[in-house]
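Asker: Numbering (our numbering), first residue to last: 78 to 168.
Ideal Cβ placement from N, Cα and C applies to all residues, glycine included.
#1: Give a yes or no on whether the C-beta atoms belonging to residue 106 and residue 123 are separated by under 8 Å.
#2: Take the Cβ of residue 83 as the centre, count every other Cβ of all protein chains shown within 10 Å, and call the residue buried at 16 or more, exposed below.
#3: Out of 157, 155, 159, 151, which one is the CA nearest neighbour of residue 165?
#4: With a threshold of 7 Å on Cβ separation, who are the neighbours of residue 144 within its own chain once the five nearest residues in sequence on each side are excluded?
#5: In angstroms with no decimal places, state the Cα-to-Cα distance between residue 169 and residue 147.
#6: From this set, 100, 99, 114, 129, which residue's C-alpha is nearest residue 162's C-alpha?
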């Protein structure tokens with residue numbers, strides 16, 4: 078029988094919003110100076126170390142920065158002249 082309604086998610090794909098809670102917790106751990114901003118590279122390193130099974134491709138994005146933007150929960154700031162990309166939780 079044909080199914081109606083929304084198509085099921087592709088196998089192995091999860092919604093970006095599912096990553097938001099995990100990312101927010103890691104940002105809170107890394108925010109040493111209390112301004113809320115952390116580097117995306119530092120965030121990625123901590124995610125991979127703390128959660129070895131974390132892979133942004135599971136959420137449909139080749140780049141961590143694209144996943145972060147897709148959640149809608151985070152401010153992502155690109156550094157000027159090759160500076161580090163930074164992120165903070167809007168919440």
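Answerer: On the basis of the coordinates in this document:
#1: yes
#2: With a pLDDT of only 46 at residue 83, under the threshold of 50, the placement of this residue in the model should not be trusted; the figure read from the coordinates follows. Here residue 83 is exposed, its C-beta having fewer than 16 other C-beta atoms within 10 Å.
#3: Among 157, 155, 159, 151, the Cα nearest to that of residue 165 belongs to 151.
#4: 93, 96, 133, 136, 138
#5: A query on residue 169 cannot be resolved here, the shown segment of the chain reaching from 78 to 168 and no further.
#6: 114
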